[in-house]
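To start, the structure under review is shown below, and the notes come after it.
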Amino acid sequence: MTPTDMSEYGPNWPQIVAQIRARSKNACEWCGARHGHPHPRTGSIVVLTTAHVYDRRKLAQDLDNLAHLCQRCHLGHDRGQHVQRWRYGVEPSGPPQQRLP
Ligand SMILES: [Zn+2]
């Protein structure tokens, strides 16, 4: 995984992440794995990150579009996107990725 340039997410991103973290109570919103604890399936220490679920543009920051996910769920979610791009040469849904100036 490469470091992410947080400036691409806009000035409100830290507050949005704080809201997502409060909502998830520091557990993966898809599988329930607890942040900082060994994952029940993989055994690796869980590090929760915020994923874009439906609209993958970085600035699509409606709370309904975001989920606090463990590495396993986040990777599985992103893998679907990578496979579709590889197979069909297109994004799975929604408009093309927004490029910021
Ligand atoms: Zn998970």
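When you line the sequence shown up against my numbering, it's residues 534 to 634, in that order. Every residue, glycine too, gets a C-beta built ideally from N, C-alpha and C.
Close beta carbons around R567, own chain, < 7 Å, minus the five adjacent residues each side: N559, A560 and V579
Among I549, G622 and L602, the one whose alpha carbon lies nearest that of W563: L602
Straight-line Cα distance separating N598 from P628: Note on P628: pLDDT 46, under 50, position unreliable in the model; no value is reported.
R574 vs R605 beta-carbon contact at 8 Å: yes
DSSP-derived helix/strand/coil call for H605: In the sequence under discussion, the amino acid at residue 605 is Arg, which differs from the His named in the question. In this structure, R605 counts as helix in the three-state DSSP scheme.
Ranges of the alpha helix (DSSP H) found wholly within the stretch 543-617, counting only runs of at least 4: 546-557
Option nearest D538 by Cα separation, candidates A600, V616, K591 and D595: K591
Proximity test, L596 beta-carbon vs ligand 1 heavy atom, cut-off 7 Å: no
Proximity below 8 Å, CB of A600 to CB of V616: no
Any non-hydrogen atom of ligand 1 within 7 Å of R590 CB: no
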